[in-house]
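Engineer: For the record, in the sequence shown the residue sitting at position 21 is 74 according to our numbering, with numbers rising by one throughout.
Idealized CB from N, CA, C, for every residue including glycine.
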Amino acid sequence: TIAQLEKKSKKELTSQEQLQLKILQLLEAARKNFEKAVILNPFDLETRSWLARVYQALAVRFLDEENHLKAAKVLENLVRLEKGEHSLYARLAESYYALENWSAAHDNFALAEKVYFETLGLDFTHPDTTRWAQLDSATVFYYTYYQADTEVKMHLAEKALTTFERARQWARTDQEREDIQSYIDWINWDDGNIEAVELRDKFIALQEEQRYKEAARGFEKLLDKLRTRRARDEIAWRLALLEFQFLNAKNRGIDRLKEVVLAAPRDENGAPLDSTYQRYFDSYGAMCHNLGLEYFRKNRKVAFTYLKQAVAIAWENRAKSYLELAKLSRNNPKMVIENCELALQTPEQLEQVEQMQAYQLLVEAYKRLGKFNQARAYFARWVTLRKNATRSARR
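1. What residues in its chain sit with their C-beta under 8 Å from that of E273, if we drop five residues either side in the sequence?
2. Tell me, to the nearest whole angstrom, how far the beta carbon of K303 is from that of L346; I am working on the premise that it is less than 8 Å.
3. When the Cα of R319 is compared with those of I366, I288, A339 and L275, which residue comes out closest?
4. On a CA-only basis, which of Q222, H139 and L209 is nearest W155? Give me that one, please.
5. Work out the CA separation of R283 and E147 for me, nearest whole Å.
6. Determine the direct distance from the alpha carbon of A258 to that of A433, and round the result to whole angstroms.
7. Helix, strand or coil for R434 per DSSP?
8. Classify P318 as helix, strand or coil using the three-state DSSP reduction.
9. Whole angstroms is fine: what's the gap from S450's alpha carbon to V132's?
10. Rounded to whole angstroms, how far is the Cβ of L403 from the Cβ of A372, which I believe are closer than 8 Å?
11. What is the C-beta distance between Y265 and L295, in whole angstroms, given that I count them as a contact (C-beta under 8 Å)?
12. With a 10 Å radius around its C-beta and 16 neighbouring C-beta atoms as the bar for buried, classify L326 as buried or exposed.
13. Name the one or two DSSP bridge partners that P325 has.
14. Taking only three categories from DSSP, how would you classify I20?
15. Who are the near neighbours of R305 in its chain, counting only those whose CB is closer than 6 Å to its CB and skipping five residues on each side?
16. Let me know the secondary structure DSSP gives E59 once reduced to three states.
17. Is P386 near R421, with beta carbons less than 9 Å apart?
18. So what does DSSP say about D244, is it helix, strand or coil?
19. Within its chain, find whatever has a CB closer than 8 Å to the CB of K136; leave out the 5 residues flanking it on each side and keep chain order.
20. Helix, strand or coil: how does DSSP classify H139 here?
21. Do A249 and L279 come within 9 Å of each other at the CB atom, strictly closer than that value?
22. Would you say Q405 and A442 are within 9 Å of each other, going by their C-beta atoms?
23. Within a Cβ cutoff of 6 Å, which residues of the same chain sit near A428, ignoring the five residues on either side of it in sequence?
24. If you run the structure through DSSP and keep just helix, strand and coil, what is M207?
25. Does the separation of the CB atoms of Q200 and A220 fall below 9 Å?
26. E59: buried (16+ other C-beta within 10 angstroms of its C-beta) or exposed?
27. G345 lies in the alpha helix (DSSP H); which residues open and close that run?
28. With H, G and I counted as helix, E and B as strand and the rest as coil, what does DSSP make of R353?
29. Can you give, in chain order, each stretch of the alpha helix (DSSP H) that sits fully within the stretch 212-286 and has at least 4 residues?
30. For R383, does the three-state DSSP call read helix, strand or coil?
31. Compute the beta-carbon to beta-carbon distance between A363 and C341, rounded to the nearest angstrom, for a pair I have assumed lies under 8 Å.
32. Rounded to a whole number of angstroms, what is the C-alpha to C-alpha distance between L360 and G423?
33. Give the DSSP-derived three-state secondary structure of K126 in the structure shown.
34. Could you check the C-alpha separation between E229 and T216 for me, to the nearest Å?
Structure below.
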């Protein structure tokens, strides 16, 4: 504020603060002078308009509710006296928007649009131009977009979707069209359940602040408020990740996500038919794989179970789980061969050292079965990989 800046000496102020102080002092001086001018001539609409502008500027600079209220009061008087200026309604809407009075903001953006179209073409500076040639699509886009935005704030999903489609017609750039589509997708996240998507965003923010317990409690309560399976699955996934990674509830997290994954339609390879579910499959696969590794030495039977769960679905590192199953099955050469060959079907999921491990296991398994030609073929691949690894290390 001005008072805080004025308490500092000139030497203590940064160049930016000095500039800010000068601007604020000039705005305060303008406010006082325009208030005096209005007292002297209360019927001068232009002076009142400038006074409202100064109040708005001060409100923005100070984040000050009082000046927004003053601006709104002046502008309310102006629109009663001057009903043909769409920009006055828009400025009044902006003041109410800053005050989070969504209903009043919405109504005045709607009036701004209505007055704009009613007065379009009544321009003495362009008397020979047709009415529609004077239309400014940027102005109409602004008025309709913020009508939709305030409808969202009031949780009027159907109205907001209709108004956003109207705003899309006036969009001039790809960015404006993308912004509208993003907003529409946001509204439709749970079939127009705006309260739910607001809560989702709130709990995601808590998670990003590392307030994991609060976020988890929020997600758990949110599950009962959701309308659609898709939304419930996303929140179950987010909650499962928190439980597994941060809340020392790995089994609960993995069981929660297992329900989501097993209920999702899959193709013959175990991949989700809905590509948006791939992240759930990847998370579940990683959980099963990591728990399998955790139990590898403690309880091989449990480790085997988790790794089998991991390979039952198509996830981003499925090959690694096949390789670990092969290591667990060393005493069963047929299972070693089956799992290693499945792992090598997607070699891009394996690091070079893991590919070499797979080939080594295959050589040993085929030798035990007396299939020496196959063993020799895989041994040749292992040698090639080893040479490549040696060359890479020398570079």
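Structural biologist: On the basis of the data shown:
1. Position 220 of the sequence shown holds residue 273. The residues are L292.
2. Locating residue 303 in the sequence shown gives position 250, counting from the first residue. Locating residue 346 in the sequence shown gives position 293, counting from the first residue. The Cβ separation is near 12 Å, so there is no contact.
3. Here residue 319 is taken as the residue at index 266 of the sequence shown, counted from 1. Comparing Cα-Cα distances from R319 to each of I366, I288, A339 and L275, the minimum goes to I366.
4. Walking along the sequence shown from the start, residue 155 turns up at place 102. When only C-alpha atoms are compared, the closest one is L209.
5. Position 94 of the sequence shown, counted from the first residue, corresponds to residue 147. Position 230 of the sequence shown, counted from the first residue, corresponds to residue 283. C-alpha separation (whole angstroms): 36 Å.
6. Within the sequence shown, numbered from 1, the residue matching residue 433 stands at position 380. Within the sequence shown, numbered from 1, the residue matching residue 258 stands at position 205. Cα to Cα, A433 sits roughly 53 Å from A258.
7. One-based indexing of the sequence shown puts residue 434 at position 381. Correct three-state label for R434: helix.
8. Translated into positions along the sequence shown, residue 318 becomes position 265. P318: coil per DSSP, three-state reduction.
9. Coverage of the chain is limited to positions 54 through 448, which leaves residue 450 absent and any answer about it impossible.
10. Sequence index remark: in the sequence shown, residue 403 carries index 350 (1-based). Sequence index remark: in the sequence shown, residue 372 carries index 319 (1-based). Between A372 and L403 the Cβ distance is about 5 Å, and since that is below 8 Å, they are a contact.
11. As a first step, residue 265 must be located in the sequence shown, where it is residue number 212. As a first step, residue 295 must be located in the sequence shown, where it is residue number 242. Sure, about 5 Å apart at Cβ, within 8 Å.
12. Walking along the sequence shown from the start, residue 326 turns up at place 273. Result: exposed.
13. Mapped onto the sequence shown, residue 325 falls at position 272. Partner(s): R319.
14. Any question about residue 20 goes unanswered here, given that the chain covers just 54 to 448.
15. Counted from its first residue, the sequence shown places residue 305 at position 252. E296.
16. Walking along the sequence shown from the start, residue 59 turns up at place 6. At E59 the pLDDT is 48, less than 50, meaning the model places this residue with poor confidence and gives no usable figure here.
17. By one-based count along the sequence shown, residue 386 stands at place 333. By one-based count along the sequence shown, residue 421 stands at place 368. Result yes, Cβ atoms of P386 and R421 sit closer than 9 Å.
18. Counting from 1 along the sequence shown, the entry for residue 244 is found at position 191. Correct three-state label for D244: coil.
19. Start at 1 with the first residue of the sequence shown, and residue 136 comes out as number 83. V168, listed in sequence order.
20. The count along the sequence shown starts at 1 and reaches residue 139 at position 86. Here H139 sits in helix by DSSP.
21. Along the sequence shown, one-based indexing puts residue 279 at 226. Along the sequence shown, one-based indexing puts residue 249 at 196. Yes; because the gap between Cβ atoms is below 9 Å, this pair is in contact.
22. Taking the sequence shown and counting its residues from 1, one reaches residue 405 at position 352. Taking the sequence shown and counting its residues from 1, one reaches residue 442 at position 389. Their beta carbons are under 9 Å apart, which means Q405 touches A442 by this criterion.
23. If you number the sequence shown from 1, residue 428 lands on position 375. Correct list, in chain order: V416, Y419 and K420.
24. In the sequence shown, residue 207 corresponds to position 154, counting from 1. DSSP places M207 in coil when its eight states are reduced to three.
25. Locating residue 200 in the sequence shown gives position 147, counting from the first residue. Locating residue 220 in the sequence shown gives position 167, counting from the first residue. Going by C-beta atoms, Q200 is nearer than 9 Å to A220.
26. Residue 59 sits at position 6 when you count from the first residue of the sequence shown. Per-residue confidence for E59 stands at a pLDDT of 48, beneath the threshold of 50, marking its modelled position as unreliable; the derived number appears in the next sentence. Flag for E59 reads exposed.
27. The residue given as residue 345 occupies position 292 in the sequence shown. It spans Q331 to E347 - the alpha helix (DSSP H) in which G345 sits, taken as one unbroken run.
28. Against the sequence shown, residue 353 aligns to sequence position 300. Reduced to three states, the DSSP call for R353 is helix.
29. 227-240, 247-261 and 265-275
30. Here residue 383 corresponds to residue number 330 of the sequence shown, with the count starting at 1. If DSSP states are grouped into helix, strand and coil, R383 belongs with coil.
31. To locate residue 363, count along the sequence shown from 1; it is residue 310. To locate residue 341, count along the sequence shown from 1; it is residue 288. Contact flag correct, Cβ pair sits at about 4 Å.
32. For the purposes of this step, residue 360 is taken as residue 307 along the sequence shown, with counting starting at 1. For the purposes of this step, residue 423 is taken as residue 370 along the sequence shown, with counting starting at 1. Their Cα atoms are separated by approximately 28 Å.
33. Counting from 1 along the sequence shown, the entry for residue 126 is found at position 73. K126: helix per DSSP, three-state reduction.
34. Numbered from 1 along the sequence shown, position 176 holds the residue referred to as residue 229. Numbered from 1 along the sequence shown, position 163 holds the residue referred to as residue 216. The alpha-carbon atoms of E229 and T216 are separated by roughly 14 Å.
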